[in-house]
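*Asks:* In my numbering, the protein residues as written are 44 to 181.
Where is the CB? At the ideal position from N, CA and C, for every residue including glycine.
Here you go, one structure.
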Amino acid sequence: MTVETTKKVLVIDDDDDLRNLLGMFLNMMAGYEVYQACHGEDGKEQLQTLTPDLIILDMMMPVLDGMGFLRWLRQEAKLDIPVLALTGRSKDDTKTTVLELGATGIEFKPCDPEKIVERAQTMLTLSGVQGEPCTKAR
44 MTVETTKKVL
54 VIDDDDDLRN
64 LLGMFLNMMA
74 GYEVYQACHG
84 EDGKEQLQTL
94 TPDLIILDMM
104 MPVLDGMGFL
114 RWLRQEAKLD
124 IPVLALTGRS
134 KDDTKTTVLE
144 LGATGIEFKP
154 CDPEKIVERA
164 QTMLTLSGVQ
174 GEPCTKAR
């Protein structure tokens, strides 16, 4: 018999309202344990003591933006945690850049919290157990 552990999701976004709303939906709809950070540096600090199963990451933030955080996560920290990027910029080059930096998937703002929960569930299912490489959604 295997024991299911609660999946941990780290939401990094400078928009307090959106961050709290996503946290509430992820917890209530999917039962995830949700942690929050208000910018990339805060997210880096969280990762010193937390190993999330998924990171939901805003691209436009003060202090350390999403692209800087992704570079750090993949190139310096060398962590293979699935990342769902959120951006208000709908240009194709933004999508390409974000995916090339190592995001697993991307959603455009304004976003529907229920759709984010669905994407999170799909990404966690595709990534399998924590620590395994996951396929990039395009």
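By the DSSP assignment, the alpha helix (DSSP H) with residue 165 in it spans what residues?
*Replies:* Counting from 1 along the sequence shown, the entry for residue 165 is found at position 122. 156-170 is the extent of the alpha helix (DSSP H) around residue 165.
*Asks:* List the DSSP bridge partners of residue 97.
*Replies:* As a first step, residue 97 is located in the sequence shown; it is residue number 54 there, counting from the start. 52, per the DSSP bridge assignment.
*Asks:* Do the CB positions of residue 166 and residue 137 come within less than 9 Å of each other?
*Replies:* In the sequence shown, the residue the question calls residue 166 occupies position 123. In the sequence shown, the residue the question calls residue 137 occupies position 94. Not closer than 9 Å, so no.
*Asks:* How long is the line joining the alpha carbons of residue 132 and residue 48, rounded to whole angstroms?
*Replies:* If you number the sequence shown from 1, residue 132 lands on position 89. If you number the sequence shown from 1, residue 48 lands on position 5. Going from the Cα of residue 132 to the Cα of residue 48 covers about 35 Å.
*Asks:* Taking buried to mean at least 16 other C-beta atoms within 10 Å of its own C-beta, is residue 151 buried or exposed?
*Replies:* What you label residue 151 is simply residue 108 of the sequence shown in a count that begins at 1. Flag for residue 151 reads exposed.
*Asks:* So, at 8 Å on beta carbons, what are the nonlocal neighbours of residue 72 in its own chain, with the 5 sequence-adjacent residues on each side left out?
*Replies:* Walking along the sequence shown from the start, residue 72 turns up at place 29. Here the set comprises 157 and 160.
*Asks:* Are residue 66 and residue 83 touching if we call contact CB-CB under 9 Å?
*Replies:* For the purposes of this step, residue 66 is taken as the residue at position 23 of the sequence shown. For the purposes of this step, residue 83 is taken as the residue at position 40 of the sequence shown. Not a contact, by the Cβ cut-off of 9 Å.
*Asks:* Please identify the residue among 130, 104, 98 and 106 whose C-alpha is closest to the C-alpha of residue 116.
*Replies:* Locating residue 116 in the sequence shown gives position 73, counting from the first residue. Ranking 130, 104, 98 and 106 by Cα distance to residue 116 puts 98 first.
*Asks:* Put residue 91 into one of helix, strand or coil per three-state DSSP.
*Replies:* As a working mapping, residue 91 is identified with position 48 in the sequence shown. Looking at residue 91 - three-state DSSP - the assignment turns out to be coil, as it is neither helix nor strand.
*Asks:* Quick one: Cα of residue 112 to Cα of residue 75, how far?
*Replies:* Here residue 112 refers to the residue found at position 69 of the sequence shown. Here residue 75 refers to the residue found at position 32 of the sequence shown. Each residue's Cα considered, the two are about 22 Å apart.
*Asks:* Taking the beta strand (DSSP E) that residue 74 falls in, what are its first and last residues?
*Replies:* The residue labelled residue 74 in the question sits at position 31 within the sequence shown. Where residue 74 is concerned, there is no enclosing beta strand (DSSP E), given that its DSSP letter is neither H nor E.
*Asks:* How far does the beta strand (DSSP E) with residue 129 in it reach, from first residue to last?
*Replies:* Indexing the sequence shown from 1 puts residue 129 at position 86. Run containing residue 129: 126-130, per the beta strand (DSSP E) assignment.
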